[in-house]
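K.L.:
Please find one structure pasted underneath; my questions will follow.
Protein chains: 2
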Amino acid sequence: MSLIAVGTVAFDALETPFGKTDKIIGGSATYITLAASYFTKDVKLVAVVGDDFATSDITMLQEHGISTEGLQIKAGEKSFFWSGRYHNDMNSRDTLVTELNVLATFDPVIPESYQDCEFLMLGNLTPAVQKQVIQRLKRRPKLIMMDTMNFWMNTAWDELMDVINHVDVLSINDEEARQLSGEYSLRKAASKILTLGPKYLIIKKGEHGAYLFKKDQVFFAPALPLEEVFDPTGAGDTFAGGFIGYLASTGDISFDNMKRGIIYASALASFCVEKFGTERIVNLDKNELDSRVQEFVDLVQFEITMA
Amino acid sequence: MSLIAVGTVAFDALETPFGKTDKIIGGSATYITLAASYFTKDVKLVAVVGDDFATSDITMLQEHGISTEGLQIKAGEKSFFWSGRYHNDMNSRDTLVTELNVLATFDPVIPESYQDCEFLMLGNLTPAVQKQVIQRLKRRPKLIMMDTMNFWMNTAWDELMDVINHVDVLSINDEEARQLSGEYSLRKAASKILTLGPKYLIIKKGEHGAYLFKKDQVFFAPALPLEEVFDPTGAGDTFAGGFIGYLASTGDISFDNMKRGIIYASALASFCVEKFGTERIVNLDKNELDSRVQEFVDLVQFEITMA
Numbered sequence: 001m002s003l004i005a006v007g008t009v010a011f012d013a014l015e016t017p018f019g020k021t022d023k024i025i026g027g028s029a030t031y032i033t034l035a036a037s038y039f040t041k042d043v044k045l046v047a048v049v050g051d052d053f054a055t056s057d058i059t060m061l062q063e064h065g066i067s068t069e070g071l072q073i074k075a076g077e078k079s080f081f082w083s084g085r086y087h088n089d090m091n092s093r094d095t096l097v098t099e100l101n102v103l104a105t106f107d108p109v110i111p112e113s114y115q116d117c118e119f120l121m122l123g124n125l126t127p128a129v130q131k132q133v134i135q136r137l138k139r140r141p142k143l144i145m146m147d148t149m150n151f152w153m154n155t156a157w158d159e160l161m162d163v164i165n166h167v168d169v170l171s172i173n174d175e176e177a178r179q180l181s182g183e184y185s186l187r188k189a190a191s192k193i194l195t196l197g198p199k200y201l202i203i204k205k206g207e208h209g210a211y212l213f214k215k216d217q218v219f220f221a222p223a224l225p226l227e228e229v230f231d232p233t234g235a236g237d238t239f240a241g242g243f244i245g246y247l248a249s250t251g252d253i254s255f256d257n258m259k260r261g262i263i264y265a266s267a268l269a270s271f272c273v274e275k276f277g278t279e280r281i282v283n284l285d286k287n288e289l290d291s292r293v294q295e296f297v298d299l300v301q302f303e304i305t306m307a
Numbered sequence: 001m002s003l004i005a006v007g008t009v010a011f012d013a014l015e016t017p018f019g020k021t022d023k024i025i026g027g028s029a030t031y032i033t034l035a036a037s038y039f040t041k042d043v044k045l046v047a048v049v050g051d052d053f054a055t056s057d058i059t060m061l062q063e064h065g066i067s068t069e070g071l072q073i074k075a076g077e078k079s080f081f082w083s084g085r086y087h088n089d090m091n092s093r094d095t096l097v098t099e100l101n102v103l104a105t106f107d108p109v110i111p112e113s114y115q116d117c118e119f120l121m122l123g124n125l126t127p128a129v130q131k132q133v134i135q136r137l138k139r140r141p142k143l144i145m146m147d148t149m150n151f152w153m154n155t156a157w158d159e160l161m162d163v164i165n166h167v168d169v170l171s172i173n174d175e176e177a178r179q180l181s182g183e184y185s186l187r188k189a190a191s192k193i194l195t196l197g198p199k200y201l202i203i204k205k206g207e208h209g210a211y212l213f214k215k216d217q218v219f220f221a222p223a224l225p226l227e228e229v230f231d232p233t234g235a236g237d238t239f240a241g242g243f244i245g246y247l248a249s250t251g252d253i254s255f256d257n258m259k260r261g262i263i264y265a266s267a268l269a270s271f272c273v274e275k276f277g278t279e280r281i282v283n284l285d286k287n288e289l290d291s292r293v294q295e296f297v298d299l300v301q302f303e304i305t306m307a
């Protein structure tokens, strides 16, 4: 089934203890659509860039089967740019530069050919823009998932609450779940957040894995213990894109299928952090992905016969 | 099969955001033997207390089927005492008081009736004393497991390395694994530590679960997401006691059975943190434990058919 992904397509400049990059392609919608493309070839992008964006990067997305009809290219304007430096433990980072550029006036356009979409992924963006995308779809998709961040909790609380109330799956990290709910215990945080609208809540804990909560049900998948995390940029978006891409490819939104989606999502995210930016997830092959999923099976599966 | 557990039997005074206790029974060997007693009734304690220790606490251990023949009671001396205060996040604590008392001159005695033991658990103690216990057993047990802490890495490195070289399973937390190996990545840390002697390494990550590493194999179990962590004291020792108690009850030291041991260990530890000290693990019943294990199964199990 078809999937629309809205979010940023941008330039990132990254610095980690292992090295630094010039401006490379980044942005939430870039990671989401690339990750989803490993499961479904019906991925439709909604985003905006300036005319400084490389044609080769747009071609790269198209070669993954991603429709760029909803990607606006603003003549004479510059693409969103973010630059950050990770600390030695890779769990924290400093933002060095944020230039909104085209993002400051982003008015999302939904092409007519996108209107039949069944799955919608709202990548991290201004809540008001996320809401506009929902409103501009003539028919509500079967499943709407959104990602957001603490920045919007601090600056656009009411708009954020409004969008959250319209989605089926909310995906945030542990600190954001605590801030959103005012609860330290993630179990209590999940209970509260599930009263705000979403039926499902994903809490991402980075190297410590991810929870999927539903009323009275919870599933957990660890992150793969890696020799080295090279660059965490985009891992959360890759996770989200892998999850909803898997759901869209199967058309099955049962809790059991969402568990499988979490495992595939975790596998894709584990590749993402192995190289800078999108480098590792641009050219995965199916065997690599399958064997990574098998590593997750081996990591957590056990057999207990209850008496 | 029979299990010897050596460690501290002590008084603790605890302070958490939820309240505080007077002196209550604590100590690594207390938690280890109590936890193990849910799996095997052949648990033998080696420890030392002063004559300030309550007879009722010793009777409580005996009522769990724990042999106290190896528990020395030193007339005119005081038991080991530790007092600590947990911070709001429960992940860090300040030590308020440490009085070694009888522990300063602990000379472990292995009763003749203990000599047939097949499993040995060396709870956190001076490495030299842990080594003495191994030396005083006439026959090497089938499996020796040890727990230790960063304090011994800072103060008794050589003795610690010596004991580690003599055990089969080492159990430490994530920060200790990093300190012991000099590696930040837990996967790299595990590879290094597995060259120091132990064939198996357990890395405990508290609320983030635990890894079991063997050369070329790794298993992970999450901690149960709890509404509230009331008091983390003893959770690691309860985990260790549950693990080795389960192995001793089955006599099976295969990697697959160790996975089951980790799940039972995690279930017991999840009870431990629900009340102060040993309060919650003194009176568990089998149904409670089984239904907690079932929660772990539901938390992590999924079905994926690889193409």
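Chains as they are written, first to last, in full-length UniProt numbering: chain V, 1 to 307; chain U, 1 to 307.
Even glycine gets a Cβ: it sits at the ideal position worked out from N, Cα and C.
Buried or exposed, going by whether 16 or more other CB atoms sit within 10 Å of the CB of U:Val297?
P.N.:
On the second sequence, position 297 is the one that residue 297 of chain U refers to. With fewer than 16 Cβ atoms within 10 Å of its Cβ, U:Val297 is classed as exposed.
K.L.:
Inspect the CB distances between the region 26–39 of chain U and the region 232–248 of chain U and report whether three or more fall short of 8 Å.
P.N.:
The region 26–39 of chain U vs the region 232–248 of chain U: in contact.
K.L.:
The alpha helix (DSSP H) that contains U:Gln132, what's its start and end?
P.N.:
Position 132 of the second sequence holds residue 132 of chain U. That run of the alpha helix (DSSP H) goes 127–136.
K.L.:
List the whole-angstrom C-beta distance separating V:Ile66 from V:Leu143, where the pair is believed to meet the contact cut-off of C-beta under 8 Å.
P.N.:
Along the first sequence, read from residue 1 onward, the residue named residue 66 of chain V stands at position 66. Along the first sequence, read from residue 1 onward, the residue named residue 143 of chain V stands at position 143. Not really, about 19 Å apart at Cβ, beyond 8 Å.
K.L.:
Give a yes or no on whether the C-beta atoms belonging to V:Pro111 and V:Trp152 are separated by under 9 Å.
P.N.:
Residue numbering aside, residue 111 of chain V sits at position 111 when the first sequence is read from its first letter. Residue numbering aside, residue 152 of chain V sits at position 152 when the first sequence is read from its first letter. Result no, Cβ atoms of V:Pro111 and V:Trp152 do not sit closer than 9 Å.
K.L.:
List the whole-angstrom C-beta distance separating U:Gly197 from U:Ile164, where the pair is believed to meet the contact cut-off of C-beta under 8 Å.
P.N.:
Residue 197 of chain U sits at position 197 when you count from the first residue of the second sequence. Residue 164 of chain U sits at position 164 when you count from the first residue of the second sequence. With 8 Å as the limit, U:Gly197 and U:Ile164 qualify as a contact, their Cβ atoms being about 5 Å apart.
K.L.:
What residues of chain V sit near residue 309 of chain U, judged by a beta carbon separation below 9 Å?
P.N.:
Nothing about residue 309 of chain U can be read from this structure; chain U reaches only from 1 to 307.
K.L.:
Output, in chain order, the set of chain U residues within a Cβ distance shorter than 7 Å of V:Arg136.
P.N.:
Taking the first residue of the first sequence as position 1, residue 136 of chain V is located at position 136. Residues of chain U passing the Cβ test: none, with the nearest at roughly 35 Å.
K.L.:
Once you ignore the five residues that flank V:Gly242 on each side, which residues in its own chain have a CB closer than 6 Å to its CB?
P.N.:
Within the first sequence, residue 242 of chain V is the residue found at index 242, counting from 1. Counting only Cβ-Cβ distances below 6 Å, and skipping sequence neighbours, we find Ala35, Tyr264, Ala265, Leu268.
K.L.:
Taking V:Gln294 as the query, report the chain U residues whose CB atoms sit under 7 Å from its CB, ordered along the chain.
P.N.:
Counting from one through the first sequence, the residue named residue 294 of chain V turns up at place 294. Correct list: Met306.
K.L.:
Let me confirm a value: U:Asn154 is counted as buried when at least 16 other C-beta atoms fall within 10 Å, else exposed. Which label applies?
P.N.:
Mapped onto the second sequence, residue 154 of chain U falls at position 154. Result: exposed.
K.L.:
Got a sec, what are the start and stop residues for the beta strand (DSSP E) V:Gln217 sits in?
P.N.:
Working through the first sequence from its first residue, we reach residue 217 of chain V at position 217. Segment 217–221, the beta strand (DSSP E) holding V:Gln217.
K.L.:
Quick check: is the beta carbon of V:Pro225 nearer than 9 Å to any beta carbon in chain U?
P.N.:
Here residue 225 of chain V refers to the residue found at position 225 of the first sequence. So yes, V:Pro225 belongs to the interface.
K.L.:
Run through chain U and tell me which residues come within less than 9 Å of V:Glu112, C-beta to C-beta.
P.N.:
As a first step, residue 112 of chain V must be located in the first sequence, where it is residue number 112. None at all; the shortest Cβ gap to chain U is about 35 Å.
K.L.:
Suppose you measure from the CA of U:Thr95 to the CA of U:Phe80; what does that come to, to the nearest Å?
P.N.:
Residue 95 of chain U sits at position 95 when you count from the first residue of the second sequence. Residue 80 of chain U sits at position 80 when you count from the first residue of the second sequence. Taking the straight line joining both Cα atoms gives about 14 Å.
K.L.:
Distance, Cα to Cα, V:Gln179 vs V:Asn150?
P.N.:
In the first sequence, counting from the first residue as 1, residue 179 of chain V sits at position 179. In the first sequence, counting from the first residue as 1, residue 150 of chain V sits at position 150. So the alpha carbons of these two residues sit roughly 7 Å apart.
K.L.:
Excluding the 5 residues preceding and the 5 following V:Ser191 in the sequence, name in chain order all residues of the same chain whose CB lies nearer than 6 Å to its CB.
P.N.:
Working through the first sequence from its first residue, we reach residue 191 of chain V at position 191. Same-chain partners within the cutoff: there are none.
K.L.:
Which runs of the beta strand (DSSP E) fall wholly inside the region 10–82 of chain U and span at least 3 residues, in chain order?
P.N.:
Within the region 10–82 of chain U, the complete beta strand (DSSP E) runs of at least 3 residues are 10–16, 24–26, 43–50, 66–74.
K.L.:
Once DSSP output is grouped into helix, strand and coil, what is the label at V:Asp256?
P.N.:
One-based indexing of the first sequence puts residue 256 of chain V at position 256. Of the three classes helix, strand and coil, the one that applies to V:Asp256 here is helix, per DSSP.
K.L.:
Buried or exposed for V:Glu228, please, with buried defined as at least 16 other CB atoms from any protein chain shown within 10 angstroms of its CB.
P.N.:
By one-based count along the first sequence, residue 228 of chain V stands at place 228. V:Glu228 comes out exposed.
K.L.:
Quick one: which residues of the region 86–116 of chain U get their C-beta closer than 9 Å to a C-beta of chain V? List them in chain order.
P.N.:
Here the close residues are Asn88, Asp89, Met90.
K.L.:
Suppose only complete runs of 3+ residues qualify. What are the beta strand (DSSP E) ranges in the region 121–198 of chain U, listed by chain order?
P.N.:
Correct list: 143–147, 169–173.
K.L.:
Inspect the beta-carbon positions of U:Ala223 and U:Ile262 and report whether they are closer than 9 Å.
P.N.:
Stepping through the second sequence from its first residue, residue 223 of chain U is reached at position 223. Stepping through the second sequence from its first residue, residue 262 of chain U is reached at position 262. Against a cut-off of 9 Å, the Cβ pair of U:Ile262 and U:Ala223 comes out as no contact.
K.L.:
Less than 9 Å between the beta carbons of V:Gly170 and V:Thr148, yes or no?
P.N.:
Within the first sequence, residue 170 of chain V is the residue found at index 170, counting from 1. Within the first sequence, residue 148 of chain V is the residue found at index 148, counting from 1. It is Leu, not Gly, that sits at residue 170 of chain V in the sequence shown. Contact: yes.
K.L.:
In terms of residues, what are the limits of the beta strand (DSSP E) holding U:Phe213?
P.N.:
Along the second sequence, read from residue 1 onward, the residue named residue 213 of chain U stands at position 213. Run containing U:Phe213: 210–214, per the beta strand (DSSP E) assignment.
K.L.:
Assuming U:Leu125 and U:Val6 form a contact by the criterion Cβ under 8 Å, report the distance between their Cβ atoms to the nearest whole angstrom.
P.N.:
Position 125 of the second sequence, counted from the start, is the residue given in the question as residue 125 of chain U. Position 6 of the second sequence, counted from the start, is the residue given in the question as residue 6 of chain U. That pair is a contact at about 7 Å.
K.L.:
What residue range does the beta strand (DSSP E) around V:Tyr246 cover?
P.N.:
Taking the first sequence and counting its residues from 1, one reaches residue 246 of chain V at position 246. Unbroken run through V:Tyr246 is the alpha helix (DSSP H), 235–250; no beta strand (DSSP E).
K.L.:
Please determine if the region 97–111 of chain V and the region 34–53 of chain V are in contact, where contact requires at least 3 C-beta pairs separated by less than 8 Å.
P.N.:
Cβ pair count under 8 Å is three or more, so yes.
K.L.:
Is the shortest distance between the beta-carbon of V:Tyr184 and the beta-carbons of chain U less than 9 Å?
P.N.:
Here residue 184 of chain V refers to the residue found at position 184 of the first sequence. Cβ-Cβ to chain U under 9 Å: yes for V:Tyr184.
K.L.:
Going by Cα to Cα distance, which pick from U:Gly84, U:Phe219, U:Arg93, U:His208 is closest to residue 345 of chain V?
P.N.:
An answer regarding residue 345 of chain V cannot be provided, because it is not within the stretch 1 to 307 covered by chain V.
K.L.:
Do the region 16–31 of chain V and the region 268–285 of chain V meet, that is, are 3 or more Cβ pairs less than 8 Å apart?
P.N.:
Yes, the region 16–31 of chain V touches the region 268–285 of chain V.
K.L.:
Should V:Val48 and V:Val133 be called a contact, given that it needs their Cβ atoms to be closer than 9 Å?
P.N.:
The sequence position of residue 48 of chain V within the first sequence is 48, counting from 1. The sequence position of residue 133 of chain V within the first sequence is 133, counting from 1. Taking 9 Å as the Cβ cut-off, V:Val48 and V:Val133 do not qualify as a contacting pair.
K.L.:
From the beta carbon of V:Val169, is the nearest beta carbon of chain U less than 9 Å away?
P.N.:
For the purposes of this step, residue 169 of chain V is identified with residue 169 of the first sequence, where counting begins at 1. So no, V:Val169 is outside the interface.
K.L.:
Give me the subset of the region 234–267 of chain V whose CB atoms are less than 9 Å from a CB atom of chain U, sorted by chain position.
P.N.:
Under the 9 Å Cβ criterion, the region 234–267 of chain V contributes Asp256, Lys259, Arg260, Ile262, Ile263, Tyr264.
K.L.:
Going by DSSP, which residues form a beta bridge with U:Lys204?
P.N.:
Here the question's residue 204 of chain U lines up with position 204 in the second sequence. Per DSSP, U:Asn173, U:Ala210.
K.L.:
Write down the C-beta distance between V:Thr68 and V:Ala248 rounded to the nearest angstrom, noting that I regard them as a contact closer than 8 Å.
P.N.:
Reading the first sequence from its first residue, position 68 is the one you call residue 68 of chain V. Reading the first sequence from its first residue, position 248 is the one you call residue 248 of chain V. Their Cβ separation, rounded to whole angstroms, is 18 Å, which puts V:Thr68 and V:Ala248 out of contact at 8 Å.
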